[in-house]
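Residue numbers (my numbering): 747 to 887.
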């Protein structure tokens with residue numbers, strides 16, 4: 747009986763060691779800190795990424811004031827959202843209203859609070875002092 751208990755105990759211990767070793771090989775155990783298996787980031791890297799997000803480099807809207815009579819032109823693929831004031835759509839291809847799916851051709855009145863996709867370099871002429879939110883490169887003339 748004692749020999750059977752010894753064999754079973756040895757088998758269980760060896761089996762547990764094999765399972766532990768397989769787990770280590772599979773990466774279940776933590777790697778060396780700072781290695782590719784357990785990378786660290788620095789505080790300065792994290793702060794830079796947060797700053798990028800806050801400054802709009804990762805796709806956030808930028809608040810822009812457009813004075814009456816001025817035209818804001820946004821690059822192709824950019825977005826424009828009229829927040830206050832009023833304006834007319836400008837540009838050869840017009841703007842795609844992302845809320846309704848309609849194309850607003852040059853001369854159409856922009857609808858407040860609707861995001862517009864700039865299909866081909868276009869924008870809006872302010873009929874009154876307006877606040878627009880823009881995603882992408884733009885110019886005001």
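The beta carbon of each residue, even a glycine, is placed where N, CA and C say it ideally should be.
Per DSSP, what kind of secondary structure is residue i in: helix, strand or coil?
i: residue 804; result: Reliability fails at residue 804, whose pLDDT of 48 lies under 50, so the model's placement of it is uncertain and the value that follows must be treated cautiously. Note: residue 804 maps to coil in three-state DSSP.
i: residue 833; result: strand
i: residue 856; result: coil
i: residue 755; result: helix
i: residue 790; result: helix
Given this structure, state the Cα-to-Cα distance separating residue i from residue j, to the nearest angstrom.
i: residue 847; j: residue 795; result: 34 Å
i: residue 812; j: residue 818; result: 7 Å
i: residue 877; j: residue 840; result: 19 Å
i: residue 873; j: residue 797; result: 34 Å
With 16 as the cutoff for other CB atoms within 10 Å, does residue i come out buried or exposed?
i: residue 806; result: exposed
i: residue 763; result: exposed
Is residue i near residue j, with beta carbons less than 8 Å apart?
i: residue 837; j: residue 868; result: yes
i: residue 844; j: residue 826; result: no
i: residue 865; j: residue 851; result: no
By Cβ distance below 6 Å, which residues in the same chain neighbour residue i in space, the five residues on each side in sequence not counted?
i: residue 857; result: none
i: residue 875; result: 813, 814, 831
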